[in-house]
Amino acid sequence: MTTMTIFISPKPFNREHIATIQWNAIQSWKQLGEDVDIVLIGEDIGVREAAEELGVRYIAEVKRNESGTPLLSDIFALARDTSDSPLLAYVNADIILFPDFLEQARRMMEKEKKFLLVGQRWDLDIPRKIDFSNNWQGKLRKELADRGRRHPAGGSDYFIFPRICFEKIPDFAIGRSGWDNWMFYEARKQGWKLIDCTKAIDIIHQDHDYAHLPNGQSHYRLPESKHNVELAGGKRTIFTLLDCDWQLESNGNLVRPPRTKKKILREMEIFPLIKLKSRVLGEVGFAVFHPEKAYREFRSRNKKD
């Protein structure tokens, strides 16, 4: 039995740059060792061949929406049902991992029963295949120090959780916005520890364009993203790293986030959603803390009606 199963439905491998960065990412996952099970899901171009070349598991069939986009509900179910790992990790296919990813997750599993590990990423342009045979970690970390850019805090490109968590999720479309924010929201609502691992886990997002998306536009503007938000329960479920109730230090200690004014006000705002589990009161809380935004949303809804 492996400790962790990392799973993803990658983009098609029909563009050289996308194929390269996905190859880099999956190779970095393999460096975590035999204690990690890796599974690629979906019948998009080149996925089967990449799985065979890289020596990782492959599952062809996955449920899709009307637009042909794979559904995260089925991707999560397939990963769970075909593995026995106590930890599951959804990782975007352009993300390079270091050994601290597995090490910190393993330590957390020994301490906590239910949790969600998330965190910020580094952005870096890597236009080539990485040579993993010779001090690849040291070389990449030097590049990161020289050219890396810390991505603004918002969502997360990885989600690590025990298999007893997230047993059911809505039919979100993969690669569109909204669903990752719902993961944060659901963890807080269920009372699981939502842990920001930015200080303890370094990950690298390899720069790329959005040519794989319709009209080459960012996923934030796609109708499927709007539908994801609707499935999540509306805009109030758009949680971010600010909503984490714990932080993981580099030494492995769990601490509470600093009690800044912004954090205190945000906790007051989301209290009706995560403690009272009332979306109606959540809307009231939003209106109290953001009256101008609430008014604009009200006006916009009325115009549509």
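Under this note's numbering, the first residue of the sequence shown is numbered 52, with each subsequent residue one higher. Ideal Cβ positions, reconstructed from N, Cα and C, are used throughout, including at glycine.
### Query
Whose C-beta lies closer than 8 Å to the C-beta of L129 among residues of the same chain, with five residues either side of it excluded?
Cβ-Cβ distances below 8 Å link L129 to F58, V90, I92, I110 and V113 in the same chain, with the five nearest sequence neighbours on each side left out; the list follows chain order.
### Query
Which residue comes first and which comes last in the beta strand (DSSP E) that contains A140?
For A140, the enclosing beta strand (DSSP E) stretches over residues L138 to V142.
### Meets three-Cβ-pair contact criterion under 8 Å: the stretch 217-237 and the stretch 147-164
Proximity of the stretch 217-237 to the stretch 147-164 falls short of the contact definition, fewer than three beta-carbon pairs being nearer than 8 Å.
### Message
Can you check which of these residues, K162, S301 and P137, is closest to M52 by C-alpha distance?
### Response
Of the listed residues, the one whose Cα sits closest to M52 is P137.
### Query
Measuring CB to CB, does F290 end up less than 9 Å from F235?
With a cutoff of 9 Å on beta-carbon distance, F290 and F235 are scored as near each other.
### Task
State yes or no: is the C-beta of S134 within less than 9 Å of the C-beta of Q171?
No, Cβ-Cβ distance for S134 and Q171 is not below 9 Å.
### Nearest-angstrom Cα separation, counted from S351 out to K344
S351 has its alpha-carbon roughly 10 Å from the corresponding atom of K344.
### Task
Examine the ligand ATP and report whether any of its heavy atoms sits within less than 8 Å of the Cβ of E320.
As presented, the structure is devoid of all ligands, the ligand ATP included, so that no description of it is given.
### Inside the stretch 204-262 only - beta strand (DSSP E) runs reaching at least 3 residues
DSSP assignment within the stretch 204-262 yields the following whole beta strand (DSSP E) runs of 3 residues or more, N-terminal first: 209-213, 244-247 and 254-257.
### Query
Beta carbon of L316, beta carbon of T249: below 9 Å?
Cβ distance not < 9 Å, so L316 and T249 don't count as in contact.
### Query
Taking the alpha-carbon positions, what's the K240 to N186 distance?
Each residue's alpha carbon lies about 42 Å from the other.
### Message
Considering only the alpha carbon of each residue, which of G84, A196 and H259 lies closest to K62?
### Response
Cα-wise, what sits closest to K62 is H259.
#### Entry: Assigned secondary structure, R200 (DSSP; H/G/I helix, E/B strand, else coil)
Look at R200 here: in three-state DSSP terms it is strand.
### Query
When burial is assigned at 16 or more other CB atoms within 10 Å of the CB, is F349 buried or exposed?
Here F349 is exposed. Its C-beta has fewer than 16 other C-beta atoms within 10 Å.
### Query
Mapping DSSP to helix, strand and coil, what is D88?
In the structure shown, D88 sits in a strand (DSSP, three-state: E or B).
### Task
Specify, as a first and last residue, the run of the beta strand (DSSP E) that D174 falls within.
It spans W173 to L175 - the beta strand (DSSP E) in which D174 sits, taken as one unbroken run.
### Message
Taking the beta carbon of H278 as the centre, do at least 16 other beta carbons fall within 10 Å, making it buried, or is it exposed?
### Response
Result: buried.
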